[in-house]
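Before any comments, here is the structure.
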Amino acid sequence: MKALVWHGKEDIRCDTVTDPEIQDPRDAIIKVTSCAICGSDLHLFHNYIPGMLPGDIMGHETMGEVVEVGSGVDGKLKKGDRIVVPFTIICGECDQCKRGNFSVCETTNRKRHLAEKVFGHSCAGLFGYTHLTGGYPGGQAEYLRVPFADATHIKVPAGIPDEQLLFLSDIFPTGWQAAVQCDIEPTDTVAIWGCGPVGQMAIRSAILLGANQVIAIDCLPERLSMAEAGGATTINFESESVLERLKELTDGRGPEKCIDCVGMESHVMASLPDTLLDRAKQMMMVESDRPHVLREMIYVCRPGGIISVPGVYSGFSDMLPMGAFMNKGLTMRTGQTHVNRWTDDLLRRIEEGEIDPSFVITHTVPLSQGPEMYQVFRDKRDSCVKVVLRP
Amino acid sequence: MFHFSNIVRTKGDPKIVAGGPSLKRPEDQLARALGWFSIGLGVVEFFAPRRVTETLGMEGHETLVRAFGVREIMAGIMSLSVDKNAGLWARVGGDGLDAAALLSGLTADNPKKGNIALALLMVGGIAMLDYRAAQDTKPRRPPRDARRKLYPNRSGFPKGIESARTAAKQIAAHAAGRT
């Protein structure tokens, strides 16, 4: 089969690889009908997250049709079922899964010893996302083996196009969880840094959860226009001061809730010296993340407020203003997304026409063009916001 | 490379049978080679500055050579990073500094001036490669003033934003009524 394979920094190729096989009775194989490139795939493209090996298949936003099931799937899936594959692989049986903390499933990371060394504890296995999270082959391919398939799936009905359902795999529940973690109240202003795909979903989620005002921060006109279309007031950080504008828009109080949809690769600008220093340190491999957004959020968030971090951080962040964080009594909530905790509700909202996540797609191309689209997405060429690949 | 990583791959996981074309261009390979060259040269300059100054007849400048070594290592690491273009331009600037330092030692009474002339020739050649690689690896991001597509009609709410806001308000009011 064809698959997008990581060969090294900035080197992804569309290779021919052997077809996946059932390895465990709880496995299923799906024929991929749609998959997407996620912003966090770019961290792997840049080799900022340790644990990738040449030959690893990329991708964790995938959906398709079940073509083979193991004997232990136990009737929960059958050939022909249409499923979206959550990016977190879950067993559904461990203590964390029972609590709904699916992204820290205690069973599915088959290389848990690596994660335990790096993070202290293991997290769930993830598709196409380094050997720290199990080294599972990803879904930017023609076929995908779904481990623990009896639990790791979202069954979706026929009649709704792939484009509307695909993002249940990651970015929609990720944006949703980011907003839910904020405990939004009807009087709240929610400020969202980053108007990439997850930022766009977080904006819509904050609106659906009843925020009084949503403010979106980015520098790319196409993303800001999409944010505005979704009901946000926008700030272009290249042409205006984020701190001043946020004060102005909140009568000097600061936003009660802040969401970081940027993560470890924040924008580098000469007018923001900390971003230059972070970049230099990251280049010299003495700091893994560029946490400018975290610093800014801690500084501007209203005392007693909540900071929600769906953006990916990989390792170590320097110079976080912990004094401000502590003295302002802020709360930080973060984590990989507990996808299956949210998908029943989100699927219902899609079915009822409350939201259509396909608004974010700007490019749809065959799988074979995937490698080039990584570059287009990374360089923000052709006003690219979200790429969907068709195997 | 993947032949080695296939060894640690779990049995049954897909393995590469035929590789597709690489995204790497010749200029990327050149940048990589220059990056490693820079690190190698920097290590020599940092750890054996006396050998360098003796070869060039410039004894007494060991501290300068060591500083140049640090600069070379940093430029090398930058050239191997995602921001290779910045690293390559740093190397171009470094080539200028190297040439200036070498020229200062090119005096009539230096018995090793032949070596300096040779070193200058090498710096010139490498500088041309650095400049070429820096030009060819310019980031391909669209310029600031480039025309961009805008998406003002992509709300994501098939029933409209006001409908979404109203539904949220109703849910909040309902929840408040229950408590």
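So the protein sequences, as listed, match chains A and B. All letters in the first sequence, in the order written, are residues 59 to 449 by our numbering. All letters in the second sequence, in the order written, are residues 15 to 193 by our numbering. Each residue gets a CB set at the ideal place from its N, CA and C atoms; glycine is no exception. Everything numeric in this text was worked out from a predicted model, so none of it was measured.
Contacts around residue i, its chain only, beta-carbon distance under 7 Å, and the 5 residues preceding and following it disregarded
{"i": "B/Gln78", "result": "The question names Gln, but residue 78 of chain B is Leu in the sequence shown. Here the set comprises Ala115."}
{"i": "B/Ala89", "result": "Ser52, Gly101, Ala104, Arg105, Gly108"}
{"i": "B/Glu76", "result": "Pro63, Arg64, Thr67"}
{"i": "A/Cys462", "result": "As shown, chain A starts at 59 and ends at 449. That puts residue 462 of chain A outside it, with no answer to give."}
{"i": "A/Ile145", "result": "The amino acid at residue 145 of chain A is misidentified as Ile; the sequence shows Phe. Cβ neighbours of A/Phe145 beyond the five flanking positions: His118, Glu119, Leu184, Phe185, Ser227, Asp228, Val397."}
{"i": "B/Lys173", "result": "none"}
{"i": "B/Ala113", "result": "Leu134, Val137"}
{"i": "A/Ala382", "result": "Ile356, Tyr357"}
{"i": "A/Gly158", "result": "His396, Arg399"}
Closest by C-alpha distance to residue i, when choosing among the options
{"i": "A/Met384", "options": "A/Val370, A/His396, A/Ala61, A/Gly362", "result": "A/Gly362"}
{"i": "A/Gly192", "options": "A/Gln198, A/Glu164, A/Gly254", "result": "A/Glu164"}
{"i": "A/Trp64", "options": "A/Asp85, A/Pro78, A/Asp77, A/His104", "result": "A/His104"}
{"i": "A/Gly288", "options": "A/Gly369, A/Pro219, A/Met259", "result": "A/Met259"}
{"i": "A/Asp85", "options": "A/Ile356, A/Asp208, A/Trp400", "result": "A/Asp208"}
{"i": "A/Pro78", "options": "B/Asp42, B/Arg23, B/Leu44", "result": "B/Arg23"}
{"i": "B/Arg155", "options": "A/Cys442, A/Thr420, A/Thr76", "result": "A/Cys442"}
{"i": "A/Ser324", "options": "A/Pro349, A/Leu330, A/Lys305, A/Val300", "result": "A/Pro349"}
{"i": "A/Lys169", "options": "A/Ala182, A/Ile115, A/Gly158", "result": "A/Ala182"}
{"i": "B/Leu147", "options": "B/Gly34, B/Glu73, B/Pro166, B/Ala47", "result": "Note on identity: in this sequence residue 147 of chain B is Ala, with Leu being the wrong assignment. Closest by alpha carbon: B/Ala47."}
{"i": "A/Gly387", "options": "A/Ile356, A/Arg407, A/Gly411, A/Leu404", "result": "A/Ile356"}
{"i": "A/Gly233", "options": "A/Met431, A/Glu410, A/Ser366, A/Ile80", "result": "A/Ser366"}
{"i": "A/Gly257", "options": "A/Gln81, A/Leu278, A/Glu243", "result": "A/Leu278"}
{"i": "A/Val75", "options": "A/Ser180, A/Gln198, A/Glu302", "result": "A/Gln198"}
{"i": "A/Ser329", "options": "A/Gln433, A/Ser297, A/Gly310, A/Gly312", "result": "A/Ser297"}
{"i": "A/Glu409", "options": "A/Pro83, A/Gly128, A/Ala216", "result": "A/Ala216"}
{"i": "A/Met322", "options": "A/Ile87, A/Gly97, A/Ala236, A/Gln81", "result": "A/Gly97"}
{"i": "B/Arg39", "options": "A/Met380, A/Arg439, A/Gln433, A/Pro449", "result": "A/Gln433"}
{"i": "A/Leu335", "options": "A/Lys175, A/Asp376, A/Ile115", "result": "A/Asp376"}
Within-8 Å CB hit, residue i to chain C
{"i": "B/Phe171", "result": "The chain inventory of the structure shown lacks chain C, comprising the protein chains A and B."}
Inter-residue CB distance, residue i and residue j (contact presumed, cutoff 8 Å)
{"i": "A/Pro429", "j": "A/Ile70", "result": "5 Å"}
{"i": "A/Phe435", "j": "A/Val423", "result": "In fact, because the Cβ distance is near 11 Å, the residues do not count as touching under 8 Å."}
{"i": "A/Thr333", "j": "A/Met342", "result": "Incorrect: roughly 15 Å between the Cβ atoms, too far for contact."}
{"i": "A/Ile141", "j": "A/Phe160", "result": "Going by Cβ atoms, the distance from A/Ile141 to A/Phe160 rounds to 16 Å, so no, they are not a contact pair."}
{"i": "A/Pro108", "j": "A/Thr188", "result": "7 Å"}
Residue i to residue j span [Cα, whole Å]
{"i": "A/Met284", "j": "A/His171", "result": "42 Å"}
{"i": "B/Gly191", "j": "A/Val238", "result": "21 Å"}
{"i": "A/Asp437", "j": "A/Tyr371", "result": "20 Å"}
{"i": "A/His101", "j": "A/Leu111", "result": "14 Å"}
{"i": "A/Pro205", "j": "A/Gly373", "result": "27 Å"}
{"i": "A/Ile265", "j": "A/Cys359", "result": "19 Å"}
{"i": "A/Pro219", "j": "A/His211", "result": "17 Å"}
{"i": "B/Asp27", "j": "A/Ile273", "result": "44 Å"}
{"i": "B/Arg98", "j": "A/Gly66", "result": "Here residue 98 of chain B is Lys; the residue named in the question, Arg, does not match the sequence. Near 15 Å, if we compare the C-alpha coordinates of A/Gly66 and B/Lys98."}
{"i": "A/Val320", "j": "A/Asp241", "result": "20 Å"}
{"i": "A/Leu135", "j": "B/Leu37", "result": "38 Å"}
{"i": "A/Thr292", "j": "B/Gly74", "result": "59 Å"}
{"i": "B/Val31", "j": "A/Leu447", "result": "22 Å"}
{"i": "A/Arg203", "j": "A/Asp139", "result": "15 Å"}
{"i": "B/Ala131", "j": "B/Ser118", "result": "12 Å"}
{"i": "A/Phe417", "j": "A/Gly411", "result": "13 Å"}
{"i": "A/Val127", "j": "A/Leu224", "result": "21 Å"}
{"i": "B/Val58", "j": "B/Arg85", "result": "12 Å"}
{"i": "B/Pro125", "j": "B/Ile87", "result": "30 Å"}
Local Cβ density within 10 Å of residue i, reported as buried at 16 or more and exposed below that
{"i": "A/His118", "result": "buried"}
{"i": "B/Pro153", "result": "exposed"}
{"i": "A/Lys315", "result": "buried"}
{"i": "B/Ala133", "result": "buried"}
{"i": "B/Met136", "result": "exposed"}
{"i": "B/Met142", "result": "exposed"}
{"i": "A/Ser299", "result": "exposed"}
{"i": "A/Phe230", "result": "buried"}
{"i": "A/Gln394", "result": "buried"}
{"i": "A/Thr420", "result": "buried"}
{"i": "A/Leu404", "result": "buried"}
{"i": "B/Met72", "result": "buried"}
{"i": "B/Met92", "result": "buried"}
{"i": "A/Met380", "result": "exposed"}
Cβ-based neighbour list, residue i, same chain, cut-off 6 Å, excluding 5 preceding and 5 following
{"i": "A/Gln154", "result": "Val162, Cys163, Glu164"}
{"i": "B/Asn129", "result": "Thr69, Leu70"}
{"i": "A/Lys339", "result": "Glu345"}
{"i": "A/Gln132", "result": "The amino acid at residue 132 of chain A is misidentified as Gln; the sequence shows Asp. Cβ within range, chain order: Asp208."}
{"i": "A/Asp414", "result": "Gln222"}
{"i": "A/Gln271", "result": "Thr247"}
{"i": "B/Glu41", "result": "Ala147, Asp150, Thr151"}
{"i": "B/Phe60", "result": "Arg80, Gly83"}
{"i": "A/Gly130", "result": "Pro83, Arg84"}
Close beta carbons around residue i, own chain, < 8 Å, minus the five adjacent residues each side
{"i": "A/Asp318", "result": "Trp251, Gly252, Val351, Leu352, Met355, Ile365, Ser366, Val367, Pro368, Gly369"}
{"i": "B/Ser177", "result": "Phe171"}
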